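Taken in order, these protein sequences are the chains called A and X. For my numbering, add 30 to where a residue sits in the first sequence, where the first one is 1. For my numbering, add 30 to where a residue sits in the second sequence, where the first one is 1. The beta carbon of each residue, even a glycine, is placed where N, CA and C say it ideally should be. On a predicted model such as this, the values are computed, not experimentally measured, just so you know. Take a look at the structure below.
There are 2 protein chains.
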Amino acid sequence: MQDSSHHHRPFASAIERLRAAGLRPTRQRLSLCRRLFEGGQVRHVTAETLHSEVLAAGVKVSLATVYNTLHQFTKAGLLREVVVDGAKTYFDTNTSSHHHFYDVEHGDLLDIGGEGIIIEGLPQPPDGATVERVDIVVRVRRPSRD
Amino acid sequence: MQDSSHHHRPFASAIERLRAAGLRPTRQRLSLCRRLFEGGQVRHVTAETLHSEVLAAGVKVSLATVYNTLHQFTKAGLLREVVVDGAKTYFDTNTSSHHHFYDVEHGDLLDIGGEGIIIEGLPQPPDGATVERVDIVVRVRRPSRD
DNA sequence: GTGTTTGCAAAGTGTTTGCAATTTA
DNA sequence: TAAATTGCAAACACTTTGCAAACAC
Chain A
31 MQDSSHHHRP
41 FASAIERLRA
51 AGLRPTRQRL
61 SLCRRLFEGG
71 QVRHVTAETL
81 HSEVLAAGVK
91 VSLATVYNTL
101 HQFTKAGLLR
111 EVVVDGAKTY
121 FDTNTSSHHH
131 FYDVEHGDLL
141 DIGGEGIIIE
151 GLPQPPDGAT
161 VERVDIVVRV
171 RRPSRD
Chain X
31 MQDSSHHHRP
41 FASAIERLRA
51 AGLRPTRQRL
61 SLCRRLFEGG
71 QVRHVTAETL
81 HSEVLAAGVK
91 VSLATVYNTL
101 HQFTKAGLLR
111 EVVVDGAKTY
121 FDTNTSSHHH
131 FYDVEHGDLL
141 DIGGEGIIIE
151 GLPQPPDGAT
161 VERVDIVVRV
171 RRPSRD
């Protein structure tokens, strides 16, 4: 059995998490923060999905603020941007090195833990280029019943 | 030394290539086709870059037609769409299974041949999902001299 | 109070579409 | 001539931005 002591230290509250990120705990940021991190599970959201989620919960936040907040969270290291689709931007609450299944039909993302994955045969990056990150996207199609 | 007899059979002409794809060889499609495939090298274009290229060469084509043509070529198997950036769509003349270096700074793409690459440890796709394609994107940063 | 954050609406970017005019076979 | 293709301009989806009002400390 593996220990999980390397998990991120759980924050006592969303306020604490925001403070640690150097962001004022405003009403809007608090509800977004709670929604993203307090379920305890990895989440994949777009600005739109997160926005309608908080709206449905009765919290008033503008879409522009959701966009801004997602980027602030990303810059602060709380989120990670995932590029799998030309149209929309996904944000992942899992910020550790890992990969993704992407359901091209429904637009669903599923994490693939980065631990067991080994890529063999990758050539050296060109010139003096430094590798920033290696992303694997497994594009899958789930048969839709029609 | 490896033989290269598995390369795509070279087409006598752009006309022939279009016919084989079931597309009428119009003036616009012909110049786009020539530009894409007659250099003999792998190319990575966006609608914008290809459009300004043909314009610069004195050929009159509308941007809308470039978009439509790129998608027709893709559907016909002449091109492959590459998703590396949320903003723009790249098209690759290399349609075989392979991967990419992506210069996040300059937006440049570079192919990584698919032959030597082995990914170990990928879990089974969820449910009855079928894998459509596995993409590796190595995001690199080339230091810009300032 | 002072600097930060918000919301709105407008602007921006890349892409798609409807349709009349043109071109191809 | 009949069917396919083009170009334009308008529509589109998603995202960013400018700025006055609201808010946090």
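Exercise. Using the rule of at least 16 other Cβ atoms within 10 Å of the residue's Cβ for burial, across every protein chain shown, is aspartate 157/A buried or exposed?
Worked result: Counting the other Cβ atoms within 10 Å of the Cβ of aspartate 157/A gives fewer than 16, which makes it exposed.
Determine, for arginine 73/X, whether the minimum Cβ-Cβ distance to residues of chain A falls below 7 angstroms.
It does not: the Cβ of arginine 73/X has no partner Cβ on chain A nearer than 7 angstroms.
Worksheet item: Under the three-state reduction of DSSP, which class applies to isoleucine 147/X: helix, strand or coil?
Response: For isoleucine 147/X, the secondary structure class from DSSP, reduced to helix, strand or coil, is coil.
Between arginine 163/X and leucine 80/X, what straight-line distance do the alpha-carbon atoms span, to the nearest angstrom? If I take the Cα positions, the gap works out to 26 angstroms.
- prompt: Does the distance from the C-beta atom of arginine 47/A to that of alanine 159/X stay below 7 angstroms?
  reply: For the 7 angstroms CB-CB criterion, arginine 47/A and alanine 159/X do not form a contact.
Limits of the beta strand (DSSP E) - the one that glutamate 162/A falls within:
Per DSSP, glutamate 162/A is one residue of the beta strand (DSSP E) stretching across 160 to 171.
Point to revise | Residues near lysine 118/A in its chain [Cβ-Cβ closer than 6 angstroms; skip 5 each side] | key: These residues qualify, in order along the chain: Thr76.
Under 8 angstroms (Cβ pairs) to chain A, residues found in the region 160 to 174 of chain X
Here the close residues are Thr160, Val161, Glu162, Arg163, Val164, Asp165, Ile166, Val167, Val168, Arg169, Val170, Arg171, Arg172 and Pro173.
| said: So, does the region 97 to 109 of chain A touch the region 129 to 141 of chain A, judging by three or more C-beta pairs under 8 angstroms? | reply: No: the two stretches stay apart, fewer than three of their Cβ pairs being nearer than 8 angstroms.
Note to self: Whole angstroms are fine: how far does the CA of aspartate 141/A sit from the CA of glutamate 150/X?
What the structure shows: In this structure, the alpha-carbon of glutamate 150/X lies about 16 angstroms from that of aspartate 141/A.
- prompt: In whole angstroms, what separates the C-alpha of aspartate 133/X from that of glutamate 83/X?
  reply: Between the alpha carbons of aspartate 133/X and glutamate 83/X lies a distance of about 21 angstroms.
Between the CA atoms of lysine 90/X and valine 72/A - distance to the nearest angstrom: In a straight line, the C-alpha of valine 72/A is about 50 angstroms away from that of lysine 90/X.
For threonine 95/A, collect the residues of the same chain with a Cβ closer than 8 angstroms to its Cβ; drop the 5 residues on either side in sequence, then sort them by chain order. Cβ neighbours of threonine 95/A beyond the five flanking positions: Gln58.
Threonine 119/X touches chain A at which residues, Cβ-Cβ below 8 angstroms? For threonine 119/X, the chain A residues whose Cβ falls inside 8 angstroms of its Cβ are Gly116, in order along the chain.
Using the rule of at least 16 other Cβ atoms within 10 Å of the residue's Cβ for burial, across every protein chain shown, is isoleucine 166/X buried or exposed? Under this definition isoleucine 166/X is a buried residue.
message = Spatial neighbours of valine 114/X within its chain, please: C-beta separation below 6 angstroms, excluding the five flanking residues on both sides.
response = Correct list, in chain order: Tyr132 and Val167.
Notebook entry, point to check: Which residues share a DSSP beta bridge with valine 75/X?
Noted result: DSSP, once it has assigned bridges, lists Phe121/X as partnering valine 75/X.
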